[in-house]
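Right, one structure below, let's go through it.
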Amino acid sequence: MRRREFTSWLGAAVVLWPAAARAQHLERMRRIALLLPTVADDAQGQNRNAAFLQGLQQLGWVVGQNVQIDFRWSAGKADDTRRYAAEIAALAPDVIVASGSAALGPLLEVTRAVPIVFTIVPDPVGAGFVSSLARPGGNATGFMTFEPGIGAKWLEILKELVPTVKKVAVIRDPAITAGIGQWSAIQAVAPALGIDLRPINVRDAAEIERDVADFARSANGGLILTGSALAVVHRDLIVSLAARHKLPAVYYERFYPAVGGLVSYGPDFFDQFRQAARYVDRILRGEKPADLPVQAPTKYQTVLNLRTAKALGLEVPPTLLARADEVIE
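Mapped onto our numbering, the consecutive letters of the sequence shown carry residue numbers 266 to 594.
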């Protein structure tokens, strides 16, 4: 082969090699495991899962062709979450996707080697899951929902919407760092707004129903639902209790006003699952979680259900109506 021909061939090989390596990389079957806090047939959980799978497919990952996915659905039960975390670690997948602090904590207890991409984790640094947002430093990275300080915003929205409110029940999970942080943020701003607070644990349906009914016996009350896996599990009950007892309620996610809740303020969680697919893709292609920064939401949305406001006899302030990103009529 002449030198000029060899040089031309070598240049073409250099150009083609990345594409060939990429194709070979995609053809090798990879394994992803997901630990999710809902039951398997939960509509919200399935929608989030669909967003993740769509994101993967757009990046060239096709289930059954070059990627295998294992699901575990814990229904928000701590014992099941720990058991499934151990099962997933034993599978030795290429990447694990964890939804929420309640799932991420047990996974980090059983593996510090398998890469983990998390979603909907309020305070990963405060919970000790990562060293810092810019440089996570371990085997986990992902997407945080909001700083715990968002709890102050929920209380301010409730007071703006219902100026007569004097006491507020805060439904939270005290067993997770996020639940403690959100409760503390609400506590910090309550005195300035003239609000008395009452915490309600979100452990089981009977306890929630009993405590909300007891709280609703006195006038001028309101409700705040903070984010947790158990909030997802009991969401339909909580929305129905707020309606039954005529309690104006603020939620952390759009889903709640979409099914009859009054108002929500928070990020787009579906987008987090789509973004999680991108991080999974980058890890499958060789990047390390320790080098991928934890990302915070860049946009928060206010969603207001006017039908529910009318049913509660509320007149929505024009200022709140004007800045709502979505109004359900």
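Note that beta-carbon positions come from the ideal geometry of N, C-alpha and C, so glycine has one too.
I'd like the span of the alpha helix (DSSP H) that includes residue i, first residue to last.
i	result
Pro464	From DSSP, Pro464 is part of no alpha helix (DSSP H) but of the beta strand (DSSP E) over 461 to 466.
Ala587	583 to 588
Phe520	520 to 523
Ile489	Segment 486 to 490 is the beta strand (DSSP E) holding Ile489; no alpha helix (DSSP H) there.
Ile503	500 to 509
Val477	470 to 480
Glu425	415 to 426
Which of the three DSSP states is assigned to residue i in this structure?
i	result
Ile353	helix
Asn570	strand
Ile441	coil
Val375	helix
Ser493	coil
Gly531	strand
Ala305	coil
Arg550	coil
Arg313	helix
Ala432	First, the amino acid is wrong: residue 432 is Lys here, not Ala. If DSSP states are grouped into helix, strand and coil, Lys432 belongs with the strands.
Arg293	coil
Ala286	Note that Ala286 scores a pLDDT of 44, beneath 50, so its modelled location is shaky; the value from the coordinates is reported in the next line. In the structure shown, Ala286 sits in a helix (DSSP, three-state: H, G or I).
Lys575	helix
List the DSSP bridge partners of residue i.
i	result
Trp326	Paired residues: none, contrary to the question.
Leu300	Arg337, Ala363
Tyr544	According to DSSP, which records beta bridges pairwise, Tyr544 is partnered with nothing at all.
Ile381	Ile361, Ala405
Val559	Val559 pairs with nothing; no bridge assigned.
Val390	Per DSSP, none; premise fails for Val390.
Provide the residue span of the beta strand (DSSP E) that contains residue i, from first to last.
i	result
Phe394	Per DSSP, Phe394 belongs to no beta strand (DSSP E) and is neither H nor E.
Ala455	No beta strand (DSSP E) contains Ala455, which DSSP labels as neither H nor E.
Ala514	514 to 516
Val592	591 to 593
Assuming residue i contacts residue j under a Cβ cut-off of 8 Å, what Cβ separation, rounded to an integer in Å, is found between them?
i	j	result
Ser364	Leu300	7 Å
Lys431	Ile473	Wrong, their Cβ atoms sit about 22 Å apart, outside the cutoff.
Val467	Leu495	4 Å
Gly407	Phe383	4 Å
Val497	Ile465	So it is not a contact: roughly 16 Å between Cβ atoms.
Gln566	Asp533	7 Å
His510	Val477	6 Å
Leu512	Leu488	5 Å
Lys424	Tyr530	Going by Cβ atoms, the distance from Lys424 to Tyr530 rounds to 13 Å, so no, they are not a contact pair.
Leu527	Thr573	5 Å
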